[in-house]
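Residue numbers (the working numbering): 8 to 207.
Backbone N, C-alpha and C fix where the C-beta goes; we use that ideal spot for every residue, glycine too.
Here is the structure we will look at.
Right under this line is the structure:
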């Protein structure tokens with residue numbers, strides 16, 4: 008009985024080899040192709056393209072980094088410069104807090120800025136370009152702070168030097184925050200650097 012089994016093994020091996028199927032360690036079923044490359048720059052959706060206002064960019068979260076996307080903000084014509092800065096800043100905050108479009112969500116975009124966040128201008132004794140948030144900067148998540156700083160510092164809400172002066176609704180004193188490459192790359196582990204500023 009044992010001899011018969013041993014003789015049958017080579018025959019079985021030949022039969023299996025003749026079927027034309029080769030063993031492979033490489034998987035061949037990768038599933039359906041993704042419909043959008045993750046974190047690829049997303050253009051404005053139809054609502055944004057048709058919305059009146061000035062074109063701006065805001066920074067959303069995608070993966071572990073910040074990525075800029077196109078938006079629009081409405082500012083009435085003839086608005087004084089100081090009021091214009093606050094209106095632009097509020098418009099940017101509103102766009103940051105709004106849910107990303109369906110296409111952006113599919114690509115992996117999210118936001119950590121809470122709806123209802125507001126901004127006002129400088130108080131007596133503040134530097135002229137101060138923007139005061141309804142939530143103190145040190146009470147924001149590192150992601151939300153990075154989104155706000157990088158969005159503001161790259162807009163008409165700031166002085167155009169890559170920084171923005173932010174404070175909260177009360178003390179402590181406002182500070183100048185800077186958006187850096189490190190912050191854009193890893194906002195979760197790199198908070199925007201800040202420095203004290205002298206008041207008026």
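Check                                                                                                                                                             : Outcome
Just curious, the beta strand (DSSP E) that residue 69 is in, first and last residue?                                                                             : 61-69
Taking its Cβ as the centre, do 16 or more other Cβ atoms sit within 10 Å of residue 90, making it buried, or is it exposed?                                      : exposed
What's the C-alpha gap between residue 196 and residue 74?                                                                                                        : 16 Å
Would residue 128 and residue 93 qualify as a contact pair, given that the criterion is a beta-carbon distance under 8 Å?                                         : yes
On the three-state DSSP scale, how would you describe residue 192?                                                                                                : helix
May I have a chain-ordered list of the beta strand (DSSP E) segments no shorter than 3 residues that lie completely inside the segment 148-177?                   : 170-174
Are residue 136 and residue 166 closer than 8 Å when you measure CB to CB?                                                                                        : yes
Using 8 Å as the threshold, is the segment 117-127 in touch with the segment 179-191, meaning 3 or more CB pairs across them?                                     : no
Short of 7 Å in beta carbon distance, which residues of its chain neighbour residue 62, apart from the five on each side in sequence? Order them along the chain. : 77, 79
By the 10 Å Cβ neighbour count, where 16 or more other Cβ atoms means buried, how is residue 102 classified, buried or exposed?                                   : buried
Can you tell me where the alpha helix (DSSP H) with residue 93 in it begins and where it stops?                                                                   : 88-104
Go ahead and pull the three-state DSSP assignment for residue 202.                                                                                                : strand
Do residue 171 and residue 164 come within 8 Å of each other at the CB atom, strictly closer than that value?                                                     : yes
Which residue or residues does DSSP assign as beta-bridge partners of residue 77?                                                                                 : 64
Taking residue 124 as part of the beta strand (DSSP E), name the residues at either end of that continuous run.                                                   : Taken as a continuous stretch (DSSP letters only), residue 124 belongs to no beta strand (DSSP E), as it is neither H nor E.
Can you name, in chain order, every residue of its own chain whose Cβ lies under 7 Å from the Cβ of residue 6, other than the five neighbours on each side?       : This structure cannot settle anything about residue 6, because the visible part of the chain is limited to 8 through 207.
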